[in-house]
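S.K.: In the UniProt record's numbering, the protein residues as written are 1 to 468.
Okay, here's the thing in structure tokens:
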């Protein structure tokens with residue numbers, strides 16, 4: 001039986017705000033849009049949008065507090081009424097879904113063709129870039145882009161898929177779009193992403209042209225395709241959204257904007273929306289089946305699940321940590337998938353460890369500097385997962401694309417538990433590799449020439465800004 005994602009509150013968009021300041025015209029005009037024309041210095045949109053409120057100057061009381069899925073009473077009530085095993089949010093699911101997608105797609109690369117010749121030597125692998133985001137600035141930028149809203153509550157759309165009930169936050173809407181709502185995203189420019197620990201040295205970097213290897217919208221879009229499109233695509237699909245509105249920034253000012261439809265992301269990621277629909281539904285189905293298997297084997301325990309797809313072996317490693325009673329408080333600080341109260345399913349809490357947020361400067365102690373220790377009383381298990389894909393009853397090796405809805409696509413999968421001599425030690429090594437993912441390969445003593453170039457460009461841009 002094939003499953004599809006279905007919303008249970010189609011009126012969720014009624015209280016969602018609209019874009020302000022004339023930015024809505026970007027939604028129906030594809031391409032890149034400068035905030036300020038780099039050739040003549042005139043503003044295409046209100047000048048006050050240029051400056052970004054810094055975290056230390058922002059009034060946090062103006063923000064609606066985030067409600068974790070486990071504390072969302074509406075989510076819990078819907079789950080109980082619909083008898084769903086698992087409840088969660090887009091942020092708690094997309095990381096694991098990405099790893100499972102790599103497996104289901106046979107590690108398909110995104111389409112990076114038709115970029116200018118400057119990118120011919122760039123790598124094409126998805127999710128392999130050692131970059132991070134300046135997430136601190138997202139909430140401040142979003143607040144400046146939408147119309148004032150008296151509604152103090154966030155707007156959510158709730159959807160069901162097999163045993164899941166999933167919550168997705170709705171950021172913005174426009175009735176001219178086919179699916180009405182869309183996501184707001186902020187994206188730090190390449191100079192900040194590649195040198196995030198020293199972002200104050202690179203926040204002068206500006207986008208000054210449409211195409212080119214650096215200082216261009218093409219550079220930012222190229223990196224988006226490789227490192228963020230899959231996450232964005234899953235989020236818009238879970239939220240039944242039309243696409244994403246991206247504001248590019250350098251942490252000090254906004255550089256420009258772009259609207260990217262879900263259909264455009266489908267083309268880059270999967271080849272077309274037919275393949276995208278199959279990939280998304282299969283990924284969610286596989287995640288559901290894995291959770292059913294693991295919670296049946298390890299009932300009545302809170303679990304931490306770590307997924308890691310491995311392209312050379314065409315398999316996925318799943319580490320499962322069944323927490324001891326002394327470790328359960330760890331989960332309270334994490335976004336997670338839970339089983340709702342008062343269900344027939346034995347209650348569990350499932351957490352996927354996230355890569356550390358490197359948005360803070362090095363003045364503060366970061367999670368990446370704290371080695372993860374594993375409770376010797378926790379139950380550690382390692383699994384190996386394999387997937388085989390069949391198109392029209394034929395086994396497919398390598399990348400594939402469905403050409404029509406008449407194509408028959410299906411998969412089978414297997415999960416085996418691996419015997420590990422020292423599971424706690426091996427798991428600790430694995431978790432700490434995850435912890436340092438964004439810092440491995442970074443410079444310590446010698447600064448790479450590429451980073452030097454980005455810093456020089458940033459300094460030059462800052463000087464030009466000061467002179468003007």
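No residue lacks a Cβ here, since even glycine has one placed at the ideal position from N, Cα and C. Predicted, not measured: the structure shown is a model, and the values here were computed from it.
Looking only at C-alpha atoms, which of 94, 318 and 34 sits nearest to residue 23?
M.R.: 34
S.K.: Using 8 Å as the cut-off, can you tell me whether the segment 385-394 makes contact with the segment 410-417, which would need three or more C-beta pairs spanning the two stretches below that distance?
M.R.: yes
S.K.: In whole angstroms, what is the alpha-carbon distance linking residue 166 and residue 393?
M.R.: Distance between the alpha carbons of residue 166 and residue 393: 32 Å.
S.K.: Cα-Cα, which of 420, 350 and 82 is closest to residue 305?
M.R.: 350
S.K.: Kindly indicate which residue of 92, 265, 205 and 429 has the alpha-carbon position closest to the one of residue 228.
M.R.: 265
S.K.: Given that a residue counts as buried once 16 or more other Cβ atoms are within 10 Å of its Cβ, and exposed if not, what is residue 148?
M.R.: exposed
S.K.: Could you tell me which residues DSSP pairs with residue 294 in its beta bridges?
M.R.: Paired residue(s): none; residue 294 is not in a bridge.
S.K.: For residue 106 and residue 319, I'd like the C-alpha separation in whole angstroms.
M.R.: 21 Å
S.K.: Report the rounded CA-to-CA distance for residue 44 versus residue 248, giving the unit in angstroms.
M.R.: Note on geometry: alpha-carbon atoms of residue 44 and residue 248 lie some 15 Å from one another.
S.K.: Is the Cβ-Cβ distance between residue 251 and residue 219 less than 7 Å?
M.R.: If you check the CB distance, residue 251 and residue 219 do not come in under 7 Å.
S.K.: Measuring CA to CA, which of 191, 163 and 142 is closest to residue 171?
M.R.: 142
S.K.: Measure from the alpha carbon of residue 398 to the alpha carbon of each residue in 102, 190 and 272, then state which is nearest.
M.R.: Nearest of 102, 190 and 272 to residue 398, Cα basis: 102.
S.K.: Counting pairs of beta carbons, one from the segment 179-199 and one from the segment 75-89, are three or more of them closer than 8 Å?
M.R.: These segments do not touch.
S.K.: Would you mind working out which of 428, 321, 316 and 383 sits nearest residue 371, comparing C-alpha positions?
M.R.: 428
S.K.: Could you tell me if residue 69 is buried or exposed, where buried requires 16 or more neighbouring beta carbons within 10 angstroms of its beta carbon?
M.R.: buried
S.K.: What's the gap between the Cα of residue 89 and the Cα of residue 418?
M.R.: 30 Å
S.K.: So, with DSSP's three-state summary, where would you put residue 363?
M.R.: No answer about residue 363 holds up, because its pLDDT of 37 lies below 50 and its placement is not dependable.
S.K.: Is the Cβ of residue 409 closer than 7 Å to any Cβ of chain B?
M.R.: The displayed structure is made up of one protein chain only, and chain B is not part of it.
S.K.: Put residue 71 into one of helix, strand or coil per three-state DSSP.
M.R.: helix
S.K.: Helix, strand or coil, according to DSSP, for residue 465 in the structure here?
M.R.: In the structure shown, residue 465 sits in a helix (DSSP, three-state: H, G or I).
S.K.: Where do the ends of the beta strand (DSSP E) carrying residue 198 lie?
M.R.: Careful: residue 198 lies outside any beta strand (DSSP E) and carries neither H nor E.
S.K.: Measuring alpha carbon to alpha carbon, tell me which residue in 55, 282, 433 and 256 is nearest residue 37.
M.R.: 256
S.K.: Would you give the residue range spanned by the alpha helix (DSSP H) that residue 300 belongs to?
M.R.: Segment: none, residue 300 is in no alpha helix (DSSP H) and carries neither H nor E.
S.K.: So if DSSP puts residue 225 in a beta bridge, which residue, or which two residues, is it bridged to?
M.R.: Paired residues: none, contrary to the question.
S.K.: Roughly how many angstroms separate the alpha carbons of residue 30 and residue 3, rounded to a whole number?
M.R.: 33 Å
S.K.: Which residue or residues does DSSP assign as beta-bridge partners of residue 86?
M.R.: Residue 86 has 164 as its beta-bridge partners, per DSSP.
S.K.: Please identify the residue among 110, 373 and 282 whose C-alpha is closest to the C-alpha of residue 162.
M.R.: Closest option to residue 162, Cα to Cα, is 282.
S.K.: With residue 225 and residue 182 assumed to form a contact (beta carbons below 8 Å), what rounded beta-carbon distance in angstroms separates them?
M.R.: At roughly 18 Å, the Cβ-Cβ gap does not stay under 8 Å, so residue 225 and residue 182 are not in contact.
S.K.: For the alpha helix (DSSP H) containing residue 431, name the first residue and the last one.
M.R.: 423-435
S.K.: Where does residue 113 land, buried or exposed, given buried means 16+ other C-beta within 10 angstroms?
M.R.: exposed
S.K.: Would you identify the three-state DSSP class for residue 418, choosing helix, strand or coil?
M.R.: strand
S.K.: Can you name the start and end residues of the alpha helix (DSSP H) that residue 264 belongs to?
M.R.: 262-269
S.K.: What are the partner residues of residue 388, as DSSP defines its beta bridges?
M.R.: 412
S.K.: Between the alpha carbons of residue 201 and residue 434, how many angstroms are there, rounded?
M.R.: 27 Å
S.K.: Only counting the same chain, and skipping five residues up and downstream in sequence, which positions put a Cβ closer than 6 Å to that of residue 384?
M.R.: Excluding residues within five positions, the ones whose Cβ falls inside 6 Å are 315, 416 and 418.
S.K.: What are the uninterrupted segments assigned as beta strand (DSSP E) that are 3 or more residues long and contained completely in the segment 233-259, given in chain order?
M.R.: 243-249
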